[in-house]
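Trainee: Chains as they are written, first to last, in our numbering: chain A, 1237 to 1592; chain B, 1237 to 1592. Here it is, the structure, as structure tokens.
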């Protein structure tokens, strides 16, 4: 297995000179071998999940096992795609350039169904919290507030029903789209390339002598640069009321202020995958990265939930009470966005451990 | 003037034995004299403001000068009433028991007009902020969010117009109610008692020998007890989402969770007035008390603004877009409530300076 990646790569660009400005690896430095091993492992996992999904996927609703299979299919697809990107110079260029968008298309298609289900859960949970129908955390002082009373108002109930209809419909459509994608020739082409990857990673000739750390470090630098562009000073001041600005502005597009945070979320993921490549399976989980990643996931989920509430409120002929509840819900989720930025700022400012 | 308060108090309960468990005053301790001086000064200020208000009050809208006069009339009424309460045992009991509710009625009546005006300002300002039509604070990173664009949406504009109608009407009614009160025989009775107070404070015989600090200390203790009952642990965790619980609950009454905070606001005020009595005109402003008081005022204002948005949303036959905007506005103000609690917790935990 060790020399398998030493075979000259096949394909049009066989023997392309590596464009990587990388130093010769020192003793014990992670080299191409580690990358090949990681990619083979992820490709194998991809194929395993695919088989599992084929066996369970056509079960109605794509729930349970089939859902797990889709999740781990996405998981390995993201890791393969991310590694192809971070370590591009070490891989057959044409091959990886062709493969990445296909993997992105696949994991995107598979992600949607789960996303709609999670969004609906989040919104219904929030509606219950806002109606005081769930118990509050321990130390919340005055009795009256701590004791949930009353139920959903008519408005909250109608808002919940409306969101349920809209997001369940979207989820069902996403499910059939995912099944269709998995049956498409486009998907079979992806699966075939992954199958190749599972046995033979198209490394460039010099890759096996190349220290992986500079490329992993570059991924970490891209992350650091993007983070330094975030408004962390504002985010570090609780209740800065930043996230709800434009909460009532006329344009219905996703809030532009969210974009840099979403970008950091993606770069953080690439950095994490690069660390997996370098350190192989067993390496210390970086609590700081974990916390920061959790905060950015929450940021993304809350932002999308807030947008869903806003768009539900644009449904024609809804009752004012329903619209009011959706307005409260939208603002609540935008404050979740603000809270997530605060949480990220708190996690990020913790002592950084630079271990690419 | 110094011996004026030594005259035997007039009135039914002349010569009532003091019920205060106060030690004989040590050398240099603030005694009844200080209380009498403070009450006389506040009474004089009350009468001055009253004259000013009479000269300007009937100007349409009660704006400008007349508004200032009403404000300082309230200011001195609150201080007289508060001091009568804190130092009750040193004053003719029947007289002060009779006077306090009348002063409360007066300042309450005079306060309403200003309160409605301030509430409308706060809500319209928030609507503009939520529509991204006001500039954002300095360090807010990504350009798009920082550059205000678009205007008020139809919903936000209609919500603003609705709140304007409702709160302006309430304000006008409060204004005529205030003018009526100032013309009533009930008010003239209050004014007469204050006039008496300006020349002759009905202290109990022993008051002039009594150390004021124990009674002032008791007021401070009542404040401390009420604060210790607040959910400050929760309040100290940013984004605890506490204030919006019940944001959609069926009952439309003011949120019970706000009451203990409003109570602390009143006790903080009594403590401040007691310090004024002890230290006379010139004494160091306690930044901690000031910050805490500001936070509690903001808490009260935001809570009432949130309630106004919610009740406007119950107006029959409003458009869904209007209701949606009012829902966002309500949630925004409830988050202001939460932010104010956080600010209070931050101010309060600062090193306490015990100076009754």
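The beta-carbon is built from N, C-alpha and C at its ideal position, and this holds for glycine as well.
Count the other C-beta atoms from every protein chain shown that fall within 10 angstroms of the C-beta of residue 1572/A, then say buried if there are 16 or more, exposed otherwise.
Mentor: buried
Trainee: Helix, strand or coil: how does DSSP classify residue 1359/A here?
Mentor: helix
Trainee: Is the CB of residue 1397/B under 9 Å away from at least one CB in chain A?
Mentor: no
Trainee: Would you say residue 1564/A faces chain B, with C-beta separation under 9 Å as the test?
Mentor: yes
Trainee: Assign residue 1375/B to one of two classes, buried (16 or more other C-beta atoms within 10 Å of its C-beta) or exposed (fewer than that).
Mentor: Note that residue 1375/B scores a pLDDT of 39, beneath 50, so its modelled location is shaky; the value from the coordinates is reported in the next line. The residue is exposed, with fewer than 16 neighbouring Cβ atoms inside 10 Å.
Trainee: Excluding five sequence neighbours on each side, which residues of the same chain lie with their C-beta closer than 6 Å to the C-beta of residue 1391/A?
Mentor: 1557, 1558, 1560, 1561
Trainee: Within 10 angstroms of its Cβ, does residue 1481/A collect 16 or more other Cβ (buried), or is it exposed?
Mentor: buried
Trainee: To the nearest angstrom, report how far apart residue 1377/A and residue 1423/B are at their CA atoms.
Mentor: No answer about residue 1377/A holds up, because its pLDDT of 39 lies below 50 and its placement is not dependable.
Trainee: For residue 1315/B, decide whether its Cβ has a neighbour in chain A, counting only Cβ atoms nearer than 9 Å.
Mentor: So no, residue 1315/B is outside the interface.
Trainee: Taking 9 Å as the cut-off, decide whether the C-beta atoms of residue 1205/B and residue 1452/B are in contact.
Mentor: Here chain B covers residues 1237 to 1592 and nothing more, so residue 1205/B does not appear.
Trainee: Quick check: residue 1473/A and residue 1498/A, are their CB atoms within less than 9 Å of each other?
Mentor: no
Trainee: Taking the CB atoms as reference points, tell me whether residue 1342/A and residue 1417/A lie closer together than 9 Å.
Mentor: With respect to residue 1417/A, residue 1342/A sits close: the two C-beta atoms are nearer than 9 Å.
Trainee: Can you check DSSP and say which residues form a bridge with residue 1327/B?
Mentor: According to DSSP, residue 1327/B bridges with 1439/B.
Trainee: Below 8 Å between beta carbons is the criterion; list the residues of the region 1493 to 1525 of chain A that meet it against any residue of chain B, in chain order.
Mentor: 1493, 1495, 1496
Trainee: What's the C-alpha gap between residue 1466/A and residue 1368/B?
Mentor: One C-alpha to the other measures close to 19 Å.
Trainee: Taking the beta carbon of residue 1438/A as the centre, do at least 16 other beta carbons fall within 10 Å, making it buried, or is it exposed?
Mentor: buried
Trainee: With H, G and I counted as helix, E and B as strand and the rest as coil, what does DSSP make of residue 1551/B?
Mentor: coil
Trainee: Under a three-way DSSP split, which group does residue 1446/B fall into?
Mentor: strand
Trainee: Determine the burial state of residue 1549/B: buried for a count of at least 16 other Cβ atoms within 10 Å of its Cβ, exposed for fewer.
Mentor: With 16 or more Cβ atoms within 10 Å of its Cβ, residue 1549/B is classed as buried.
Trainee: Roughly how far, in whole angstroms, is the beta-carbon of residue 1358/A from the beta-carbon of residue 1537/A, given that I think they are within contact range, below 8 Å?
Mentor: 6 Å
Trainee: So what does DSSP say about residue 1464/A, is it helix, strand or coil?
Mentor: helix
Trainee: Residue 1493/B and residue 1479/B - do their beta-carbons sit closer together than 9 Å?
Mentor: yes
Trainee: What distance in whole Å lies between the Cβ atoms of residue 1483/B and residue 1366/A, which are believed to be in contact at a cut-off of 8 Å?
Mentor: 5 Å
Trainee: For residue 1480/A, which residues in chain B fall below 9 Å Cβ to Cβ?
Mentor: Contacts between residue 1480/A and chain B, judged by CB atoms closer than 9 Å, involve 1365, 1366, 1564, 1567, 1568, 1571 in chain order.
Trainee: Tell me whether residue 1308/A sits in a helix, a strand or coil according to DSSP, three-state version.
Mentor: Three-state DSSP puts residue 1308/A in a helix.
Trainee: With a cut-off of 9 Å, does the C-beta of residue 1485/B fall near any C-beta of chain A?
Mentor: yes
Trainee: Got a sec? Which residues, its chain only, sit under 7 Å from residue 1431/A by beta carbon, not counting five neighbours each side?
Mentor: 1283
Trainee: Return the chain-ordered list of same chain residues with a C-beta closer than 7 Å to the C-beta of residue 1570/A, the five sequence neighbours on each side being excluded.
Mentor: Excluding sequence neighbours, residue 1570/A sits near 1479, 1480, 1483, 1542.
Trainee: Suppose contacts are defined by Cβ-Cβ distances below 9 Å. Is residue 1471/B in contact with residue 1504/B by that definition?
Mentor: For the 9 Å CB-CB criterion, residue 1471/B and residue 1504/B do not form a contact.
Trainee: Name the residue from 1307/B, 1360/B, 1565/B, 1458/B whose alpha carbon lies nearest to the alpha carbon of residue 1400/B.
Mentor: 1360/B
Trainee: When the Cα atoms are used, what is the spatial distance from residue 1509/A to residue 1350/A?
Mentor: 22 Å
Trainee: Taking the straight line between their C-alpha atoms, what separation do you get for residue 1290/B and residue 1420/B?
Mentor: Between residue 1290/B and residue 1420/B, the alpha-carbon positions lie close to 13 Å from each other.
Trainee: Here's the rule: buried if 16 or more other CB atoms are within 10 angstroms of the residue's CB, otherwise exposed. What is residue 1563/A?
Mentor: By the neighbour-count rule (16 or more Cβ atoms within 10 Å), residue 1563/A is buried.
Trainee: Counting only runs that start and end within the region 1506 to 1571 of chain A, where is the beta strand (DSSP E) found for 3 or more residues in a row?
Mentor: Here no run is fully enclosed.
Trainee: Establish whether the CB of residue 1423/B and some CB of chain A are separated by less than 9 Å.
Mentor: no
Trainee: Going straight from the alpha carbon of residue 1250/B to that of residue 1436/B, what length do you get?
Mentor: In this prediction, residue 1250/B scores a pLDDT of 38, lower than 50, which makes its location untrustworthy; the coordinate-derived value is nonetheless stated afterwards. Straight-line Cα distance between these residues: approximately 13 Å.
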